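The sequence shown: position 61 = 60 (numbering that gives the first Met the number 0), numbered continuously.
Since the structure comes first, as structure tokens, the remarks are kept for the end.
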Amino acid sequence: MKVTRVLGATAMLLGLAASAQTVRAQAATSAWTTSIPSGKGEPRGYVQYQEYCAVCHGAGVGKPGTIALAAKYKGTKPALLSERTDLTPQLVKLYVRNGITVMPFFRKTEISDADLDAIAAYLTRNNKKQ
Ligand code: HEC
């Protein structure tokens, strides 16, 4: 009985891990099919954002991050993180290293400090107050 339950839980966790891998693999693929902006902006941060964040925070249907932020701010702020003008690097890093609700935290072995700096620079490029 106990063994079955443990096996069941393990299978479920493996399933979750597998689907997370699939999502990341898809996100990684889309990074190469999306054109990288030239000149303005932070290309490295943009590419990393596409790889790790856009799967949940991108535009289009079924993006949990975009849906959650639309519900949270009810139109007072853009639901798309990449369109925000109020984000600070500190805030972006806090959420990425700690996670929130269904957003996982990312370890330094997944997103290095340098890559997180680039993502933060990309997401705060429109914040004129910092
Ligand atoms: C599995 C989906 C998922 C992934 C991947 C994800 N997020 Fe999130 N993120 C969310 C959700 C959902 C929320 C809203 C949580 C809430 O407040 O209920 C959120 C919230 C945030 C917030 C807070 C915004 C605010 O104003 O409250 C920031 C900043 C953020 N995410 C940045 C990122 C960055 C940067 C990445 C990539 C490194 C990322 N997220 C990857 C799902 C995700």
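Glycine included, each C-beta is placed from N, C-alpha and C at the ideal position.
Remember, predicted model here, so these are calculated numbers, not experimental data.
At a cut-off of 7 Å, would you count residue i as near the ligand HEC, judging by its Cβ distance to the nearest heavy atom?
{"i": "Ala-67", "result": "yes"}
{"i": "Thr-63", "result": "One detail in the question is off: residue 63 reads as Pro in this sequence, not Thr. Yes, since a heavy atom of the ligand HEC falls inside the 7 Å radius drawn around the Cβ of Pro-63."}
{"i": "Leu-122", "result": "yes"}
{"i": "Lys-71", "result": "yes"}
{"i": "Val-46", "result": "no"}
{"i": "Leu-79", "result": "no"}
{"i": "Thr-100", "result": "yes"}
{"i": "Phe-105", "result": "yes"}
{"i": "Val-91", "result": "yes"}
{"i": "Val-136", "result": "Since the first and last residues shown for the chain are 0 and 129, residue 136 lies out of range."}
Per DSSP, what are the beta-bridge partners of residue i in this structure?
{"i": "Ile-99", "result": "Met-102"}
For my contact list, residue i and residue j are in at a C-beta cut-off of 8 Å; report their separation, rounded to the angstrom.
{"i": "Tyr-48", "j": "Tyr-121", "result": "6 Å"}
{"i": "Asn-126", "j": "Thr-87", "result": "7 Å"}
{"i": "Gly-44", "j": "Ile-118", "result": "5 Å"}
- Decide if the stretch 87–97 is in contact with the stretch 58–75; the criterion is three or more beta carbon pairs, one per stretch, under 8 Å apart. At 8 Å Cβ cutoff, the stretches do not touch.
- Flag this pair as touching only if the stretch 103–112 and the stretch 76–85 have three or more C-beta atom pairs under 8 Å; answer yes or no. No contact exists between the stretch 103–112 and the stretch 76–85.
- Message: Which complete beta strand (DSSP E) runs does the stretch 50–79 hold, if anything under 3 residues is left out?
- Response: None, since the stretch 50–79 contains no complete beta strand (DSSP E) of that length.
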